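Asker:
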Amino acid sequence: MQLPPAPLLIPLHLALLLLGLGACTVAPVEQVPQGLGQSVRSAAQKAPPGAPKGSCWETEITPAVIETVTRQEQVTPPETNSAGQIIRPARFRTITRQEVVRPRSERWFETLCPAQLSPDLVATLQRALQVRGHHRSSVTGRLDTSTKQAILAYQRAQGLDSSALSLENARKLGLISVKR
14 MQLPPAPLLI
24 PLHLALLLLG
34 LGACTVAPVE
44 QVPQGLGQSV
54 RSAAQKAPPG
64 APKGSCWETE
74 ITPAVIETVT
84 RQEQVTPPET
94 NSAGQIIRPA
104 RFRTITRQEV
114 VRPRSERWFE
124 TLCPAQLSPD
134 LVATLQRALQ
144 VRGHHRSSVT
154 GRLDTSTKQA
164 ILAYQRAQGL
174 DSSALSLENA
184 RKLGLISVKR
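Position in the sequence shown (from 1) plus 13 gives the number in this note's numbering.
1) Applying the criterion that 16 or more other CB atoms from any shown protein chain within 10 Å of the CB defines a buried residue, is Val-135 buried or exposed?
2) Given that a residue counts as buried once 16 or more other Cβ atoms are within 10 Å of its Cβ, and exposed if not, what is Ser-131?
3) Taking a contact to mean a Cβ-Cβ separation below 8 Å, would you say Phe-122 touches Ser-179 in this structure?
4) List the DSSP bridge partners of Thr-89.
5) Of the choices Val-144, Arg-169 and Arg-140, whose alpha-carbon is the least far from that of Leu-156?
6) Going by CA-CA distance only, name the one from Thr-75, Ala-60, Gly-67 and Lys-59 that's closest to Arg-169.
7) Could you pull out every unbroken beta strand (DSSP E) segment of at least 3 residues lying fully inside the segment 139-168, listed in chain order?
8) Can you tell me which of Asp-174, Cys-126, Phe-105 and Gly-146 puts its alpha carbon nearest to the alpha carbon of Thr-83?
9) Determine the direct distance from the alpha carbon of Ile-79 to that of Gln-98, and round the result to whole angstroms.
10) Looking at C-alpha atoms only, which residue of Asn-94, Pro-102, Thr-81 and Ala-77 is the closest neighbour of Val-88?
11) Please determine, among Leu-142, Ala-183 and Asp-174, the residue with the shortest C-alpha to C-alpha distance to Cys-126.
12) Measuring straight from C-alpha to C-alpha, what distance separates Glu-181 and Thr-72?
13) Gln-85 and Thr-109 look like a contact to me (Cβ under 8 Å); what is the Cβ gap, rounded to whole Å?
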């Protein structure tokens, strides 16, 4: 078989390459809306057992604290002669193990539902966090990254490590009426 002349090979290769690349298309990616600090775990199970219907919940997960402990264990005692001198030293082995200092914990807390987080409420939240020195950005009425960071800073001081605003802290900030 004889190949076509060299000037014809380049356009032929280019055409084959373009045909091959034409088959490579990117499938459209579905946009998955992100909840307020909602983890995959809490999206699967939205409330603890016994929670009132229509209420919204989040979890605060504290990872386990594990400590590695290393110690020496004597395998054979030292051998001594009649004068008490060591003729063969003791043999030891190193034992390393991990101990759980604090187990993993999961704490459910009630949050505002997405329908309650109107732009007006978020703007009021931003102002409340500004007054307390946690929100340094402008008031936008949007639950943006700086607002979530401010919520996290405020709630950490209250003992909750989450950027999802708890119902209890929303009440403390004066955003919703106090439960009676």
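All residues carry an ideal CB built from backbone N, CA and C; glycine is no exception. Note that the coordinates shown come from a computational prediction; the quantities given were computed from them, not determined experimentally.
Answerer: The answer reads as follows:
1) buried
2) exposed
3) Yes, the Cβ-Cβ distance between Phe-122 and Ser-179 is below 8 Å.
4) Arg-104
5) Measuring from the Cα of Leu-156, the nearest candidate turns out to be Arg-140.
6) Thr-75
7) For secondary structure counted as the beta strand (DSSP E) over 3 or more consecutive residues, the segment 139-168 holds no complete run.
8) Measuring from the Cα of Thr-83, the nearest candidate turns out to be Phe-105.
9) 43 Å
10) Pro-102
11) Ala-183
12) 14 Å
13) Under the criterion of beta carbons closer than 8 Å, Gln-85 and Thr-109 do not qualify as touching, at roughly 11 Å.
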